[in-house]
Each structure stands twice: as C-alpha cells, then as structure tokens.
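Step one of this worksheet: look at the structure below.
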Amino acid sequence: MKATENNTYAWGKKDKQGRREYRLHPGQSKVLRSRRRFTAAIAGTGGGKTVLGPLWLLRRLKELEDEGVVRGMIGMVIAPTYKILSRATVPTLIDTFRGTLYEGRFLEAKGQYILPRNLGILYLLSSDNPNGLEGGQLNIGAWLDEAGQMKYSAWLALCRRTGVNQAPVFITTTPYLSNWLKTEFLDYFIKGDPDYFCVVWASNANPAYPQAEYDRAKRTLPKATFEMMYGGLFTGMEGLVFPTLPLCFVKPRKIYGGKRVGALDFGWRAPFCALSGILYIKDGEQKLHIDYERYLPQTKLVDHSNALPESCLWFADPAEPDSISDLRDFGHSVVKANNSIMAGIEAVNSLAISGCLSISDTCENTYAESVAYQFPQNLDKKEKSEIPVGGMDHAMDTLRYLCMAIKKTIPRTVLRSVTTRRTA
Ligand SMILES: Nc1ncnc2c1ncn2[C@@H]1O[C@H](COP(=O)(O)OP(=O)(O)OP(=O)(O)O)[C@@H](O)[C@H]1O
Ligand SMILES: [Mg+2]
Numbered sequence: 229m230k231a232t233e234n235n236t237y238a239w240g241k242k243d244k245q246g247r248r249e250y251r252l253h254p255g256q257s258k259v260l261r262s263r264r265r266f267t268a269a270i271a272g273t274g275g276g277k278t279v280l281g282p283l284w285l286l287r288r289l290k291e292l293e294d295e296g297v298v299r300g301m302i303g304m305v306i307a308p309t310y311k312i313l314s315r316a317t318v319p320t321l322i323d324t325f326r327g328t329l330y331e332g333r334f335l336e337a338k339g340q341y342i343l344p345r346n347l348g349i350l351y352l353l354s355s356d357n358p359n360g361l362e363g364g365q366l367n368i369g370a371w372l373d374e375a376g377q378m379k380y381s382a383w384l385a386l387c388r389r390t391g392v393n394q395a396p397v398f399i400t401t402t403p404y405l406s407n408w409l410k411t412e413f414l415d416y417f418i419k420g421d422p423d424y425f426c427v428v429w430a431s432n433a434n435p436a437y438p439q440a441e442y443d444r445a446k447r448t449l450p451k452a453t454f455e456m457m458y459g460g461l462f463t464g465m466e467g468l469v470f471p472t473l474p475l476c477f478v479k480p481r482k483i484y485g486g487k488r489v490g491a492l493d494f495g496w497r498a499p500f501c502a503l504s505g506i507l508y509i510k511d512g513e514q515k516l517h518i519d520y521e522r523y524l525p526q527t528k529l530v531d532h533s534n535a536l537p538e539s540c541l542w543f544a545d546p547a548e549p550d551s552i553s554d555l556r557d558f559g560h561s562v563v564k565a566n567n568s569i570m571a572g573i574e575a576v577n578s579l580a581i582s583g584c585l586s587i588s589d590t591c592e593n594t595y596a597e598s599v600a601y602q603f604p605q606n607l608d609k610k611e612k613s614e615i616p617v618g619g620m621d622h623a624m625d626t627l628r629y630l631c632m633a634i635k636k637t638i639p640r641t642v643l644r645s646v647t648t649r650r651t652a
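In this text, residue positions in the sequence shown follow the numbering used here: the first is 229, and each later residue adds one.
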C-alpha cells in the first residue's frame with residue numbers, strides 16, 4: 229500500500245459486511261499477538277497506543293468465553309488521572325466496543341462498564357486515587373493506559389490484583405521518566421524474562437501521524453526529549469532530571485484571572501534567580517504559567533527587589549533567612565520554601581507530565597538549565613546518586629521550590645492576603 233493511501237485510511241471504518249476494520253501497523257500487530265502475563269506497547273505520542281487497549285480487551289473477553297467463563301468476569305481499565313481516563317481512555321473503549329458482541333453499558337457515576345449477558349464488569353479507574361486499585365482478584369486482567377505516568381505503587385497493586393489468576397496486564401504508554409517502567413518492566417524483557425513482552429515504536433509508525441509534526445519536533449526539541457516523546461525510547465533520559473520539561477516551553481501568552489506566585493534562589497557569585505507566574509484553574513485543574521525570569525549574578529538585593537513583580541507570593545530558599553527578612557522589609561510577601569530535593573523533583577515532573585505547567589520561552593536561562601540538569605552518570609548502579617549534579621541548578625532549584633509550594637492548592641485566603649508595600 230502506498231503511504232498516501234495509508235494516510236487516508238480511516239481507523240475502524242466498516243467493511244462491506246458492516247464489520248469494523250482495524251489495519252494494524254507492524255508494531256501494533258506484534259504487541260497484540262503477545263500472550264505473556266505482562267505486555268507493553270511503549271511508543272511515541274500519537275503512535276496508536278490507546279486504540280489497542282480495547283482491542284486487547286475484546287480478544288481477552290472472547291478467550292475467556294471460549295474457555296467457558298460465562299459469569300463473573302472482572303477487569304480493570306486504568307489511566308493515571310481522571311482527566312486522561314475520561315477524555316481518552318474510556319471514550320476509545322466505548323467507541324471500539326460499540327456494535328461488538330461485548331457492547332455493554334457505561335455507568336459514569338460508578339466508573340464501571342457493565343458487560344452484556346451478565347458476563348461481568350470492567351472497573352474504570354484513575355491510579356491517582358490510592359484506594360481505587362485495592363481489593364479483589366481480576367480474571368480478565370487490566371489495561372493500563374499511559375502507565376509511564378503511574379507510580380510504582382500502582383504497578384505493584386496491579387501485580388497483586390492479577391496474581392491469583394495470573395491474569396494478564398496490557399500497558400500502552402509513552403515513556404516519561406526513567407522509572408519502574410524501565411527498571412521493573414522493560415529491563416526484565418530485555419534480560420529475557422518469559423513473563424514480560426515489549427514492543428517499542430515511534431509516533432510516525434502510525435500512518436495517521438503527520439510526518440511534518442514529527443519532523444518539527446525532531447528539529448526543535450532536545451534529542452533526549454524527542455527520542456522519548458516521539459521515539460518511545462528511554463535512551464538518553466537516564467540522567468535527565470526533568471525529561472519532559474523542555475516540552476513545557478511555549479510562546480508568551482496572557483493568562484486572565486488567577487494569582488501571581490513565585491520562587492527565589494539567592495546568589496551573588498552564582499546567579500540570583502526569581503521565577504514567577506500565574507496560578508490559575510482551568511477545566512477544574514490547578515495550572516501554573518511561568519512568565520517571568522530574573523537570573524543575575526553580583527547584584528544587590530535592593531535592586532532585585534525593585535525589579536520583582538508586585539503582588540506576588542514568593543517561596544524562597546529557606547537557607548537564607550536574612551535575605552528573606554530583607555525582602556519582607558522591602559514590602560514583598562515571602563515565605564520559606566520546602567527544600568526537600570526528591571519531593572521537589574517529583575513535584576516538577578508531575579506538573580510537567582500532566583500538562584499543568586507551562587513556561588514562557590522568554591525564560592531562556594530556565595530552558596538552558598532544563599536541558600542540562602542531570603543526575604550523575606557512570607556511577608556504579610548501587611551508588612547511583614539521587615542528587616542531581618550541581619552547577620546548572622539555580623533556575624531548577626527555584627522551579628522546585630515553586631512546584632513544591634503549589635503541589636497542594638494554595639488556600640485562597642493565603643493568596644488574598646498577598647500585598648506589596650513598596651518601601652525601597
Ligand atoms: N494503524 C493505524 N492506522 C491508521 N490510523 C491509526 C492507526 N492506529 C491508530 N490510528 C489513529 O491514530 C490516532 C491516534 O491513535 P491513539 O489515540 O491510539 O494514539 P496514542 O498513541 O494513544 O496517542 P497519545 O500519545 O495522544 O495518547 C487515532 O485517531 C487513531 O484512530
Ligand atoms: Mg493515548
């Protein structure tokens with residue numbers, strides 16, 4: 229088939245007998261043939277991952293029925309957040325099941341898909357609800373969409389839920405971090421463990437994926453980030469502390485509403501860094517758009533103070549109480565930031581991965597640091613440090629303070645009390 233013909237092919241279109249036709253690309257058909265306990269499709273964004281989950285479930289339901297199971301089928305469909313679950317995972321499931329032998333009823337309020345003929349239930353869950361994955365043994369198994377965003381504890385819970393029946397788990401995801409998906413899944417497959425199977429493909433393996441978009445990303449993104457998001461590869465990201473952060477940089481934009489928050493990392497020889505942005509709510513989610521960066525060495529605090537945006541709640545390096553106190557005297561609202569490194573790194577990554585963080589591309593030093601900020605390389609694995617290499621970390625520390633501070637919604641009363649009384 230010619231590429232042009234392929235591009236115009238509509239996924240799931242009906243054939244002459246009225247049956248839906250799914251022309252899988254080679255990576256998709258290879259992964260759907262797997263009968264191993266744990267199978268993963270690890271692919272670039274838009275590579276045709278989510279569409280596979282319902283096809284895998286349909287095959288699994290047929291297998292169980294053929295084995296004589298006619299009641300009590302229980303399975304799970306899990307996404308990392310309710311947003312992904314409700315906007316992508318569940319609609320794809322409902323659409324693919326429509327018109328098949330397994331078309332059932334979607335009970336939105338209960339988060340369940342009731343299979344027809346009293347066959348059983350698919351529980352539709354987001355893994356950010358910690359209790360949701362507990363209890364009960366599955367026999368259908370589980371489909372985990374975007375599992376690369378899930379915590380290791382969610383993966384362990386799934387292994388427990390499927391353990392007794394040795395039910396299969398099917399993962400469809402892009403890699404986001406060098407996390408458990410690499411060390412506790414892909415690496416087992418690479419070492420030849422018979423329970424694990426992975427197929428990796430790039431976004432443009434999907435004939436419907438626009439080549440121009442793939443080329444644009446390749447031209448403009450740092451190599452490791454491109455290979456991860458569009459190549460489905462973990463290579464090069466082992467050392468990166470914030471692998472998806474470069475994707476957060478956007479053209480300057482105006483956010484209406486919201487409150488101004490910021491963070492400060494003090495310095496004299498090393499640059500003083502301030503980042504500030506608007507914290508706002510969109511589609512029920514708290515988002516942060518950073519639109520201000522100050523990154524300057526050897527400058528007096530009073531000069532920084534005069535330049536900083538007003539009416540901002542600042543979270544500052546807790547190791548510098550005198551500077552915090554001086555800034556308060558200059559009229560700024562400043563509180564001590566939480567300097568817990570690992571928790572802060574997780575806060576930045578979770579905001580970046582969930583699409584809740586955007587940064588104006590005018591924040592050039594922040595961008596430069598984001599692509600250079602690394603964990604130490606080439607250490608013995610056992611000695612591998614969890615503390616990033618210092619040096620290129622001023623904006624990164626500042627970003628950490630800010631993301632850590634807004635991890636939980638900042639109470640409106642605190643934000644309302646922010647005033648700037650300029651005295652200097
Ligand atoms: N083999 C294929 N041939 C043609 N079109 C396909 C094929 N596989 C998927 N598609 C189409 O590509 C689009 C993207 O598919 P899908 O949503 O599964 O991608 P994804 O990898 O989950 O994307 P994302 O990274 O955004 O989650 C859908 O419109 C789907 O119909
Ligand atoms: Mg998807």
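Virtual Cβ for every residue (Gly too), placed ideally from N, Cα, C.
Computed from a prediction, not measured in an experiment: that's the story for all the values here.
- [ ] Measure from the alpha carbon of L292 to the alpha carbon of each residue in G281, G369 and A433, then state which is nearest.
- [x] Translated into the one-based positions of the sequence shown, residue 292 becomes position 64. Residue G369 is the option with its Cα nearest to L292.
Task: Rounded C-alpha distance that separates P319 from V279 - done: On the sequence shown, position 91 is the one that residue 319 refers to. On the sequence shown, position 51 is the one that residue 279 refers to. Cα to Cα, the separation comes out at about 10 Å.
- [ ] Give me every residue whose Cβ sits closer than 7 Å to any heavy atom of ligand 2, in chain order.
- [x] The answer, residue by residue, is K277, T278, A316, D373, E374 and T400.
Task: C540 classed as buried or exposed, judged by whether at least 16 other C-beta atoms fall within 10 angstroms - done: Your numbering for residue 540 matches position 312 in the sequence shown. With 16 or more neighbouring CB atoms inside 10 Å of its own CB, C540 falls in the buried class.
Open item on the list: Taking a contact to mean a Cβ-Cβ separation below 7 Å, would you say M301 touches L347 in this structure?
Closed with: By 1-based counting over the sequence shown, the position of residue 301 is 73. By 1-based counting over the sequence shown, the position of residue 347 is 119. The Cβ atoms of M301 and L347 sit closer than 7 Å to each other.
Task: Cβ-Cβ separation, Y404 to T472 (assumed contact under 8 Å), whole Å - done: Numbered from 1 along the sequence shown, position 244 holds the residue referred to as residue 472. Numbered from 1 along the sequence shown, position 176 holds the residue referred to as residue 404. With a contact defined as Cβ atoms closer than 8 Å, T472 and Y404 qualify at about 6 Å.
Open item on the list: Please return the same chain residues whose Cβ sits closer than 8 Å to the Cβ of I322, not counting the five positions on each side in sequence.
Closed with: What you label residue 322 is simply residue 94 of the sequence shown in a count that begins at 1. Setting aside the 5 residues that flank it on each side, I322 is surrounded in the same chain by F334 and Y341, each with a C-beta closer than 8 Å to its C-beta; the list follows chain order.
Open item on the list: Spatial neighbours of A385 within its chain, please: C-beta separation below 7 Å, excluding the five flanking residues on both sides.
Closed with: If you number the sequence shown from 1, residue 385 lands on position 157. Closer than 7 Å at Cβ, skipping near neighbours: L361 and E362.
Task: S553, DSSP secondary structure in three states - done: Stepping through the sequence shown from its first residue, residue 553 is reached at position 325. Of the three classes helix, strand and coil, the one that applies to S553 here is helix, per DSSP.
- [ ] Output the distance between the C-alpha atoms of S431 and V530, rounded to the nearest integer angstrom.
- [x] Stepping through the sequence shown from its first residue, residue 431 is reached at position 203. Stepping through the sequence shown from its first residue, residue 530 is reached at position 302. Cα-Cα distance, rounded: 50 Å.
Open item on the list: Can you tell me where the alpha helix (DSSP H) holding T594 begins and where it ends?
Closed with: On the sequence shown, position 366 is the one that residue 594 refers to. E592 to S598 is the span of the alpha helix (DSSP H), which, as asked, contains T594.
- [ ] Express the C-alpha separation of A271 and F462 in angstroms, rounding to a whole number.
- [x] Counted from its first residue, the sequence shown places residue 462 at position 234. Counted from its first residue, the sequence shown places residue 271 at position 43. Rounded to whole angstroms, F462 and A271 show a C-alpha spacing of 10 Å.
- [ ] Compute the minimum distance between the beta carbon of W284 and the heavy atoms of ligand 1, and state whether it is under 6 Å.
- [x] Position 56 of the sequence shown holds residue 284. It does not: the Cβ of W284 is nowhere closer than 6 Å to a heavy atom of ligand 1.
Open item on the list: Within the continuous alpha helix (DSSP H) that includes Y442, where are the two ends?
Closed with: Locating residue 442 in the sequence shown gives position 214, counting from the first residue. That run of the alpha helix (DSSP H) goes Q439 to T448.
- [ ] Could you tell me whether the Cβ atoms of G572 and R488 are closer together than 7 Å?
- [x] Against the sequence shown, residue 572 aligns to sequence position 344. Against the sequence shown, residue 488 aligns to sequence position 260. No. Outside cutoff.
Open item on the list: With a threshold of 6 Å (Cβ to nearest heavy atom), would T453 be considered close to ligand 1?
Closed with: In the sequence shown, counting from the first residue as 1, residue 453 sits at position 225. False, no ligand heavy atom lies under 6 Å from that Cβ.
Open item on the list: For ligand 3, is there any heavy atom lying closer than 6 Å to the beta carbon of N407?
Closed with: For the structure depicted, ligand 3 is absent and the ligand set comprises only ligand 1 and ligand 2.
Task: C-alpha distance - D519 paired with M624, whole-angstrom precision - done: On the sequence shown, position 291 is the one that residue 519 refers to. On the sequence shown, position 396 is the one that residue 624 refers to. Approximately 15 Å between the Cα atoms of the pair.
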